[in-house]
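A.B. asks: Quick note on numbering: the sequence shown equals residues 1 to 214 in the UniProt record's numbering.
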Amino acid sequence: MPINEELVIDVADRIRDILDDYPAGPAILREILQNTDDAGGRVQRFILDSRQHSVEGLLDPLLKECQGPAIIAYNDSSFKPQDWLAIRSISNSSKKGDERSTGKFGLGFCTCYHVTDYPHVLSGDKLLILDPHKNTESSSGCIAFSTRPSGTESDREKYPAHFKAFEGIQSPGSDILEGTTIRLPLRLPNSKSRINPTPMSVEAARDLFESFIK
Numbered sequence: 001m002p003i004n005e006e007l008v009i010d011v012a013d014r015i016r017d018i019l020d021d022y023p024a025g026p027a028i029l030r031e032i033l034q035n036t037d038d039a040g041g042r043v044q045r046f047i048l049d050s051r052q053h054s055v056e057g058l059l060d061p062l063l064k065e066c067q068g069p070a071i072i073a074y075n076d077s078s079f080k081p082q083d084w085l086a087i088r089s090i091s092n093s094s095k096k097g098d099e100r101s102t103g104k105f106g107l108g109f110c111t112c113y114h115v116t117d118y119p120h121v122l123s124g125d126k127l128l129i130l131d132p133h134k135n136t137e138s139s140s141g142c143i144a145f146s147t148r149p150s151g152t153e154s155d156r157e158k159y160p161a162h163f164k165a166f167e168g169i170q171s172p173g174s175d176i177l178e179g180t181t182i183r184l185p186l187r188l189p190n191s192k193s194r195i196n197p198t199p200m201s202v203e204a205a206r207d208l209f210e211s212f213i214k
């Protein structure tokens, strides 16, 4: 009897191919700005965070490379259910056919992978870490944490390091972020990334900001 088998796509390889059509440099920030416009946001802030954050309380030790310097983008529009779906749909765009949209969120977001392998998105009551290489234990490509307290130990209490990396953006006493923060931990030297092995230093990120301003 015939057996049905599923087609398989390597997400990391697919993202690498997409990046061929999306330039690096200040275009990364422009794509984020366009996504904010898509969502109806009125405020957009870009921050270069050069701090080293705690590695105590990580879901997986491999994620300690996410606790260093990062590009942070905050806007005042919160994610909707379709936005969470779009950010996980690598080959699609939730904005196709919408003439009011400036950018194409699903594809345009992939520009972030020029500088990172682990984009973080914090919005409302959810923190999502994308892991297209599926490096972390039992990962299917995305790791979702709830910011809300629970009857037992909450995600925020069990894995505090991931949330501490957003200090200064989300109030320590707040369970809900009004708006959306995208955090892009800079890719480290000697990266084994199949998407883009080129590291991103703080100095290179600063040059990116300066080019964007010009």
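Glycine included, each C-beta is placed from N, C-alpha and C at the ideal position. Remember, predicted model here, so these are calculated numbers, not experimental data.
#1: Please confirm whether I71 and A205 have their CB atoms less than 7 Å apart.
#2: Cα separation between D49 and P69?
#3: When DSSP builds the beta bridges, which residues end up paired with V113?
#4: Could you work out which residue in Y113, R187, S146 and H53 is closest to L177 when comparing CA atoms only?
#5: By Cβ distance, which residues of its chain are closer than 8 Å to Y118, with the 5 residues on each side in sequence left out?
#6: Are R183 and H114 touching if we call contact CB-CB under 7 Å?
#7: What separation, rounded to the nearest whole angstrom, lies between the Cα atoms of K126 and M1?
#8: Taking 7 Å as the threshold (C-beta atoms), are P26 and F212 in contact?
C.D. replies: Based on what the coordinates show:
#1: Yes; because the gap between Cβ atoms is below 7 Å, this pair is in contact.
#2: A straight line joining the alpha-carbon of D49 with that of P69 spans about 5 Å.
#3: The sequence as given places Tyr at residue 113; Val does not occur at that position. DSSP, once it has assigned bridges, lists no residue as partnering Y113.
#4: Ranking the options by Cα distance to L177, first place goes to S146.
#5: Within the same chain, Y118 has close Cβ partners L63, E65, C66, I129, L130, D131 and P185.
#6: No, the Cβ-Cβ distance between R183 and H114 is not below 7 Å.
#7: The alpha-carbon atoms of K126 and M1 are separated by roughly 44 Å.
#8: Between F212 and P26, the C-beta gap is smaller than 7 Å, which places the two residues in contact.
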